[in-house]
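Working notes, beginning with the structure itself.
Numbering (the working numbering), first residue to last: 2 to 69.
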């Protein structure tokens, strides 16, 4: 009888362990996803800024300042 009780407790403990592992893994995945999205957004923003800076630098109207 005691053995059966221990077995049930053990099974239950395993279930809880599995569930908590699943939850923590899911949360880690969510966090990773958020981080990846943030990183991608950052890269896009930087590329946009660089492109903008290059466009401004190579605009023809800047030529006047070199003449005088």
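The beta-carbon is built from N, C-alpha and C at its ideal position, and this holds for glycine as well.
Residue 59 and residue 52 have their C-alpha atoms roughly 11 Å apart. DSSP places residue 31 in the uninterrupted alpha helix (DSSP H) bounded by 3-58. If you draw a straight line from the Cα of residue 20 to the Cα of residue 56, it comes to about 54 Å. Separation of residue 25 and residue 11 (C-alpha to C-alpha, rounded to the nearest whole angstrom) is 21 Å.
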